[in-house]
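At position 2 of the sequence shown (counting the first as 1) the number is 30 in my numbering, and the numbers step up by one without a gap.
Beta carbons are placed, not taken as given, at the ideal position from N, Cα and C, and that holds for glycine.
Owing to the predicted nature of the structure, the values given are computational and were not obtained by experimental measurement.
Working notes, structure below.
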Amino acid sequence: MYKAKAYSAQSATSRLESASIVRRDPTEHDVQIEILFCGICHSDLHQVRNEWSGLMPTVYPCVPGHEIVGRVTKVGSAVTKFKAGDLAAVGCMVDSDGTCPECKAGLEQFCSNLVLTYNSPDKHLGGVTYGGYSDAIVVNERFVLRVPGNLDLAGTAPLLCAGITTYSPMRHWSVAKEKKVGVVGLGGLGHMGVKFAHALGAHVVVFTTSPGKREDALRLGADEVVISKNADEMNKHAGSFDFILDAVAAVHDINAYLNLLRRDGNLTMVGAPQQPIPVSVFGLLFRRRSFSGSLIGGIAETQEMLDFCAKHNITADVEVIPIQKVNEAYERLVRSDVKYRFSIDMASLKSE
């Protein structure tokens, strides 16, 4: 075991502050990583403030962070995919049972025994796992990803959650050329959805309630922008979409978007409203439309996503901050005051 620097929350109402945590020494299958950048995900905020207590109660102290990019410093004797000096990444999960049907299908994110990067039981040290708001982490080789050398590291960090969360459903629903794709909401998830849909060759339409986001949506790769509060603009697109990605986390009228799908079209939710959303079944029945949800992706698909990003020069739009401004960043996140993700420069932790 060894000590690592980190930022942690001691309770649901406390600020994130400098702390010392224990990391395990690498076993034969482990990779030790010096963390260079860690993205801030909205789920970090929910978890730190125990806002998902009914589903995933937070155990304190909590060290959040599951959008990790760094450099390998040490590998175990049985590790074959990495060596010291390699660029590496870790996303939302750090272990699974490896034997269930989900794991065998490369869908570790659906494993019943999934171990999340933070706030999951830690079988090595006891307590819970600690995330990427830290200067180092040790992870089983199976859950470490290769980072292509041409990608900006600060912008790569959010790909490990926001990136794969939007890429995975687009691959599952076969987004490609000659497909018409909608993206609802232009935030941390939505802006990645626009970039991926554009790179996959689709005709991309962004739906937003904010006319001021039109220019940015077009810059990111949208072909059209629809102000969703304008009924006439919405009606022009009725029954025309192959796929819609909904990245809005607030309660909204989902039926207005389901009605935009063509026959056999799909709407996938990646935003997570905390309250139930009413769905009109007749809107699904008459055109065999489908309404689904999606989490992240498996390890193989996440690596595919990183390689796709390298090929198309895609990273998240980020504002890089020092760790000392993380609490301010959380408050700005609540106000949606960031374009489009925060990425923490972990070099700043050395001064703590």
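Inset, instruction - With residue 226 as the anchor, note down where its alpha helix (DSSP H) starts and where it stops. - result: The residue given as residue 226 occupies position 198 in the sequence shown. Residue 226: member of the alpha helix (DSSP H) spanning 216–227, first to last residue.
Legend entry - Spatial neighbours of residue 173 in its chain, beta-carbon cut-off 8 Å, leaving aside the 5 residues before and after: By 1-based counting over the sequence shown, the position of residue 173 is 145. So the qualifying residues of the chain are 116, 117, 118, 119, 188, 327, 330, 331, 334.
Inset, instruction - Find the nearest neighbour of residue 253 within the set 278, 283, 229, 219, judged by alpha-carbon distance. - result: The residue you call residue 253 lines up with position 225 of the sequence shown. Among 278, 283, 229, 219, the Cα nearest to that of residue 253 is on 219.
Inset, instruction - Can you tell me which of the three DSSP states residue 337 falls into? - result: Sequence index remark: in the sequence shown, residue 337 carries index 309 (1-based). The answer is helix: DSSP assigns residue 337 an H, G or I state.
Inset, instruction - Write down every uninterrupted run of the beta strand (DSSP E) in the region 79–135 whose length is 3 residues or greater and which is fully enclosed by it, in chain order. - result: Runs of the beta strand (DSSP E) inside the region 79–135: 96–103, 115–118, 121–123.
Inset, instruction - Count the other C-beta atoms from every protein chain shown that fall within 10 angstroms of the C-beta of residue 149, then say buried if there are 16 or more, exposed otherwise. - result: Residue mapping note: residue 149 aligns to position 121 of the sequence shown, counting from 1. Of the residues assessed, residue 149 falls on the exposed side of the cut-off, its CB having fewer than 16 other CB atoms within 10 angstroms.
Inset, instruction - Kindly indicate which three-state DSSP category residue 251 falls into: helix, strand or coil? - result: Mapped onto the sequence shown, residue 251 falls at position 223. Residue 251 carries a coil assignment under DSSP once its states are collapsed to helix, strand and coil.
Legend entry - Proximity to residue 374 [Cα-Cα], best of 97, 39, 90: For the purposes of this step, residue 374 is taken as residue 346 along the sequence shown, with counting starting at 1. Nearest of 97, 39, 90 to residue 374, Cα basis: 97.
Legend entry - Of the listed residues 314, 84, 60, 286, nearest to residue 166 (C-alpha basis): To locate residue 166, count along the sequence shown from 1; it is residue 138. It is 60.
Inset, instruction - Return the residue from the list 258, 280, 301, 228 that minimises the CA-CA distance to residue 271. - result: Start at 1 with the first residue of the sequence shown, and residue 271 comes out as number 243. Nearest C-alpha to residue 271: 228.
Inset, instruction - Could you tell me which of 379, 297, 225 sits nearest to residue 278, measuring between CA atoms? - result: Here residue 278 corresponds to residue number 250 of the sequence shown, with the count starting at 1. Nearest C-alpha to residue 278 among 379, 297, 225: 297.
Legend entry - Nearest to residue 276 (by Cα), restricted to the options 152, 317, 312, 210: The residue given as residue 276 occupies position 248 in the sequence shown. Nearest option by C-alpha distance: 210.
Legend entry - DSSP three-state assignment for residue 257, whether helix, strand or coil: The residue given as residue 257 occupies position 229 in the sequence shown. DSSP places residue 257 in coil when its eight states are reduced to three.
Legend entry - Cβ-based neighbour list, residue 142, same chain, cut-off 6 Å, excluding 5 preceding and 5 following: Indexing the sequence shown from 1 puts residue 142 at position 114. Excluding sequence neighbours, residue 142 sits near 121, 124.
Inset, instruction - Starting from residue 31, follow its DSSP beta bridges and name the residues at the other end. - result: Position 3 of the sequence shown holds residue 31. Beta-bridge pairing links residue 31 to 50.
Inset, instruction - Buried or exposed for residue 133, please, with buried defined as at least 16 other CB atoms from any protein chain shown within 10 angstroms of its CB. - result: Here residue 133 refers to the residue found at position 105 when the sequence shown is read from its first residue. Here residue 133 is exposed. Its C-beta has fewer than 16 other C-beta atoms within 10 Å.
Inset, instruction - Count the CB pairs spanning the region 61–76 and the region 156–166 that are closer than 8 Å, and state whether there are at least three. - result: Yes: the two stretches touch, three or more of their Cβ pairs being nearer than 8 Å.
Legend entry - First and last residue of the uninterrupted beta strand (DSSP E) at residue 61: Taking the sequence shown and counting its residues from 1, one reaches residue 61 at position 33. Counted as a single uninterrupted DSSP element, the beta strand (DSSP E) harbouring residue 61 occupies residues 58–68.
Inset, instruction - Please determine if the region 277–295 and the region 307–318 are in contact, where contact requires at least 3 C-beta pairs separated by less than 8 Å. - result: With the rule of 3 Cβ pairs closer than 8 Å, the region 277–295 counts as touching the region 307–318.
Inset, instruction - Give the DSSP-derived three-state secondary structure of residue 208 in the structure shown. - result: As a first step, residue 208 is located in the sequence shown; it is residue number 180 there, counting from the start. Here residue 208 sits in strand by DSSP.
Legend entry - Simplified DSSP state of residue 141, which is helix, strand or coil: The count along the sequence shown starts at 1 and reaches residue 141 at position 113. DSSP places residue 141 in coil when its eight states are reduced to three.
Legend entry - Nonlocal neighbours in the same chain, by C-beta distance under 7 Å from residue 136, ignoring five residues either side: Position 108 of the sequence shown, counted from the start, is the residue given in the question as residue 136. Within the same chain, residue 136 has close Cβ partners 121, 124, 130, 142, 326, 327.
Legend entry - CA nearest to the CA of residue 372, picked from 357, 33, 83, 146: By 1-based counting over the sequence shown, the position of residue 372 is 344. Closest by alpha carbon: 357.
Inset, instruction - Could you tell me whether the region 85–102 touches the region 194–213, where touching means 3 or more Cβ pairs closer than 8 Å? - result: Counting Cβ pairs under 8 Å, fewer than three are found: no touch.
Inset, instruction - Could you tell me the distance, in whole angstroms, from the CA atom of residue 76 to the CA atom of residue 151? - result: Here residue 76 is taken as the residue at index 48 of the sequence shown, counted from 1. Here residue 151 is taken as the residue at index 123 of the sequence shown, counted from 1. Using only the alpha carbons, I get a separation of about 22 Å.
Inset, instruction - List in chain order: all unbroken beta strand (DSSP E) runs of 3+ residues lying wholly within the region 303–338. - result: Whole beta strand (DSSP E) segments, 3+ residues: 318–321.
Legend entry - Counterpart residues of residue 178 in DSSP-defined beta bridges: For this step, residue 178 is matched to residue 150 along the sequence shown. When DSSP reads this structure, residue 178 sits in no beta bridge, so it has no partner.
Inset, instruction - Please name the residue, chosen from 158, 263, 360, that lies closest to residue 216 on a Cα-to-Cα basis. - result: The count along the sequence shown starts at 1 and reaches residue 216 at position 188. With distances taken between Cα atoms, residue 216 lies closest to 360.
Legend entry - residue 322 burial status per 10 Å Cβ neighbour count (16 or more: buried): Indexing the sequence shown from 1 puts residue 322 at position 294. That one is buried.
Inset, instruction - Keeping to the same chain, check which residues put their C-beta closer than 6 Å to that of residue 47; ignore five residues upstream and five downstream. - result: Within the sequence shown, the letter at position 19 stands for residue 47. Cβ neighbours of residue 47 beyond the five flanking positions: 34, 36.
Inset, instruction - Starting from residue 269, follow its DSSP beta bridges and name the residues at the other end. - result: By one-based count along the sequence shown, residue 269 stands at place 241. Under the DSSP definition of a beta bridge, residue 269 partners with 289.
Inset, instruction - Specify the secondary structure class of residue 295 as computed by DSSP and reduced to three states. - result: Within the sequence shown, numbered from 1, the residue matching residue 295 stands at position 267. Residue 295 falls in the strand class under three-state DSSP.
Legend entry - Beta-carbon proximity check, residue 222 vs residue 245, cutoff 8 Å: Numbered from 1 along the sequence shown, position 194 holds the residue referred to as residue 222. Numbered from 1 along the sequence shown, position 217 holds the residue referred to as residue 245. The answer is yes: Cβ separation under 8 Å.
Legend entry - Pick from 57, 52, 66 that is closest to residue 190, judged by C-alpha positions: By 1-based counting over the sequence shown, the position of residue 190 is 162. In this structure, 66 is the residue among 57, 52, 66 with its C-alpha nearest to the C-alpha of residue 190.
Legend entry - Cutoff 8 Å; reference residue 225; Cβ partners in own chain excluding five residues on either side: Counting from 1 along the sequence shown, the entry for residue 225 is found at position 197. Listed in chain order, the non-local C-beta contacts of residue 225 below 8 Å within the same chain comprise 198, 203, 209, 211, 232, 249, 273, local neighbours out to five positions each way being set aside.
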